[in-house]
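To keep things clear, I will list the structure first and then write my remarks on it.
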Amino acid sequence: MTSFRFAVNVTPKPGILDPQGRAVEGSLGHLGIVGVSAVRVGRRVELTVDGVDEPVARGVVDQLARELLSNPLIEAYTIEPIGATSSTTSTDAAGEG
Amino acid sequence: MPVRIGVVVFPGSNCDRDTIHALDLAGAEPVALWHERASLEGVAAVVLPGGFAYGDYLRAGVIARFSPIMRAVAAFANGGGLVLGICNGFQVLAEAGLVPGALLRNTSLRFAGQEVAIAAERADTAFTHALGVRRPLRMPVAHGEGCYYADEAALDQLERNRQVLFRYVDASGDNAGPGNPANPNGSLRAIAGVINAAGNVAGLMPHPERAAEAILGSDDGMGIVRSLVESAARVSGSAAPAGVGAR
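Chain order of the listed sequences is G and A. Its first residue numbered -16, the first sequence is counted upward by one per residue in the numbering used here. Its first residue numbered 17, the second sequence is counted upward by one per residue in the numbering used here.
See the structure below:
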């Protein structure tokens, strides 16, 4: 069994009103920043999944993203592998720092 | 025998006691149902009350949707059982797909805690038949994520099917669409509550149970509570008042 680490990026679907994005955009003037538009605020969830291989692990993440992490009526998601994968026998992060 | 109506209690529910009180006033026997139970204990109807189930983490209502009791609630609803979701309960029903649409963050980005006026679009449902007057009904809202959303095609279909159950109205009695100050959250087409196509599951953002006695400033919500109780009594075979409504 190997562990795979993924990020799920959840964003409001195109056309869905995003009040948070609009508020962020509205604040840009206060920073003196111009030329920034179409701000959309979403959510990123990082997680580690055990699986026999990456496609299997990704399948679990896909189900999780579809049924729990996003609401398909209003949100889209992408799945991105991140960081190193590790087998369960390794001593994770030993000696780092 | 008064009709037994279940009130689901999630961790973070905070309107369960008010709902139980209002059901009691309407002559029902309310039964608190802890969310970890797998059974509805034979109740004749279920209310999902307001609050902040699971802290509203991730999205309001989504984690509650996966509580053990929600499997029983979904089976009950799919079998024709009467289910009413109020505020956070409405969000749970929407996340569970038991009523159409989604509830987005208020367009104001502010928590809306105020009295609103709503109009009942129908008087022939299990949740509205006992309303003496359909509009305006004054009751509070208290939510940060109550902006009703569905895409245009879905909204058109809701209108065709008469599934819009309540709308926000302004002082002149007109529907308060997004941008009207009488619309507390930006809900599309002024939608404050909807009903499923079968007519047995409904949700609304305003709180009828907080407007169930004159001492609370309004008892306009009592008509909704009473409608549910009478409908539940009828389906359960308890002594029901004759001659009300279609369901």
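Where is the CB? At the ideal position from N, CA and C, for every residue including glycine.
The continuous beta strand (DSSP E) containing L30/G extends over residues 26 to 34. In the pairwise beta carbon analysis, the segment 128 to 139 of chain A is classified as touching the segment 155 to 174 of chain A: at least three pairs are separated by under 8 Å. Judged by pairs of C-beta atoms under 8 Å, the segment 92 to 110 of chain A does not touch the segment 175 to 186 of chain A, as fewer than three such pairs exist. In the DSSP annotation of this structure, H145/A is not part of any alpha helix (DSSP H), being labelled neither H nor E. Between D32/A and D36/G, the alpha-carbon positions lie close to 46 Å from each other.
The beta carbon of T123/A sits closer than 8 Å to the beta carbons of C163, P194, N201, G202 from its chain, once the five residues preceding and following it are set aside; these are given in chain order. Under the 10 Å beta carbon count, H13/G is surrounded by fewer than 16 other beta carbons and is classified as exposed. In this structure, R150/A is the residue among A112/A, R150/A, D40/A, Q107/A with its C-alpha nearest to the C-alpha of A135/A. As the crow flies, the alpha-carbon of G34/G is around 9 Å from that of R41/G. For I85/A, the enclosing alpha helix (DSSP H) begins and ends at 84 to 94. Distance check between S20/G and each of I57/G, L30/G, L11/G places L11/G closest, using alpha-carbon atoms only.
Close to V185/A, with beta-carbon spacing below 7 Å, lies no residue of chain G; the smallest spacing is near 22 Å. Nearest CB-CB separation between Q3/G and chain A: below the 8 Å threshold. Of the residues assessed, Y73/A falls on the exposed side of the cut-off, its CB having fewer than 16 other CB atoms within 10 angstroms. In the DSSP assignment, P2/G falls outside any beta strand (DSSP E) and lies within the alpha helix (DSSP H) extending over 2 to 10.
Here DSSP, grouped into helix, strand and coil, assigns G215/A to coil. Of all residues in the segment 119 to 139 of chain A, only L120, R121, N122, T123, S124, L125 place a beta-carbon less than 8 Å from a beta-carbon of chain G. For G129/A, no alpha helix (DSSP H) run applies; the uninterrupted beta strand (DSSP E) run containing it begins and ends at 128 to 136, by DSSP.
Three or more Cβ pairs closer than 8 Å define a contact, and the segment 48 to 64 of chain A meets that threshold against the segment 77 to 93 of chain A.
The beta carbons of P84/A and E52/A sit closer together than 8 Å. Residue environment analysis places I36/A among the buried positions, since at least 16 neighbouring C-beta atoms fall within 10 angstroms of its C-beta. For the segment 6 to 19 of chain G, the beta-carbon criterion of a distance under 7 Å to any beta-carbon of chain A is satisfied by A6.
In the three-state scheme derived from DSSP, where H, G and I count as helix and E and B as strand, V241/A is classed as helix. With respect to chain A, the C-beta atom of N(-8)/G has no partner C-beta closer than 8 Å. Residue range 37 to 47 is occupied by the alpha helix (DSSP H) that includes P38/G. For the segment 57 to 79 of chain A, residues whose beta-carbon sits nearer than 9 Å to a beta-carbon of chain G comprise L74, R75, V78, I79. The shortest CA-to-CA distance from E63/G to any of F(-13)/G, T31/G, G(-2)/G, V(-9)/G is the one to V(-9)/G.
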